[in-house]
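Be aware that the sequence shown starts at 1, since it is given in full-length UniProt numbering, and climbs by one per residue.
Beta carbons are placed, not taken as given, at the ideal position from N, Cα and C, and that holds for glycine.
Since the model is a prediction, treat every value here as computed from it, not as a measurement.
The block underneath contains the structure these notes are about, expressed in structure tokens.
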Amino acid sequence: MVQAPFFGAHAREHAYVRMVVANAKAMKASNDYAALMEGRLTNFPSKEEIAVHLLTIQQLRGELDTVREAERQREVDFEEWRKKLAAAEAEKVVAQSDLNSMEEKYRREIEGRDRKARKDLHLARVSLAKEYEGVLAVIRGKLEQKKKETAAEILLQETRARIEALTKYNEGGFKLEAELERLKDLEVSLDVDYGLALVSDLYLGRLDLPEISGDSVNQD
């Protein structure tokens, strides 16, 4: 019981010390905060600086808006060019299709004209061949007639030679009147045959030959 006051004083002293320490820490913290606030107030920009900063911010915002508008316009222009390119590509496809159709049309027309030309040429050749065949038939007939004429002429000349010989023999005293009369009758008959078989040498020159054009000869 005698030591109780001592322990009580010690406890109070200890509590006081703790209070002093806590107070010192609080004062230090307060001073630090005050110094921090003072530093911040010292470094805080003035109204002029704030106005400059605000103006700079407004300018930057304006530039940003300008850049954004330019970018938006570029996107619009790009989309417009893309549409024009697509339209041009579509027109190119249509034009190519039209060109292909025209080429096919011209090809068919050329082939048609070529077929018609070949057909006309074939018909012309057939017609020309028929005309020449007719002319050649006439010529062959006339040549055959000419052969008959020649044969009749030869036989007539032989008969006349025999008549002449028999006439001389008859004048010499030979009795050949019957044979001579027969040959004279034969001469008359052969003379008639010769006249019927006679063909003019100018006849072939008067034949109506078909005309031959350069195209008929040169084309295949």
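Determine the burial state of T150: buried for a count of at least 16 other Cβ atoms within 10 Å of its Cβ, exposed for fewer.
exposed
Short check: CB of L190 to CB of A165, under 8 Å?
no
With distances taken between CB atoms, is the gap from L156 to E181 smaller than 8 Å?
no
Mark T66 as exposed unless 16 or more other C-beta atoms lie within 10 angstroms of its C-beta, in which case mark it buried.
Counting Cβ neighbours within 10 Å, T66 comes out exposed, since fewer than 16 surround it.
Checking 8 Å against the spacing of the C-beta atoms, do I154 and K184 come in under that value?
no
Determine the direct distance from the alpha carbon of V17 to that of E52, and round the result to whole angstroms.
According to the sequence provided, residue 52 is Val. The question's Glu does not apply to it. So the alpha carbons of these two residues sit roughly 53 Å apart.
Alpha carbon to alpha carbon, how far is L36 from V20? Give it in angstroms, no decimals.
Rounded to the nearest whole angstrom, the CA to CA distance from V20 to L36 is 24 Å.
On the CB-based measure, 16 or more other CB atoms within 10 Å of its CB, does T56 come out buried or exposed?
exposed
Q145 versus A124: straight-line alpha-carbon distance, rounded
31 Å
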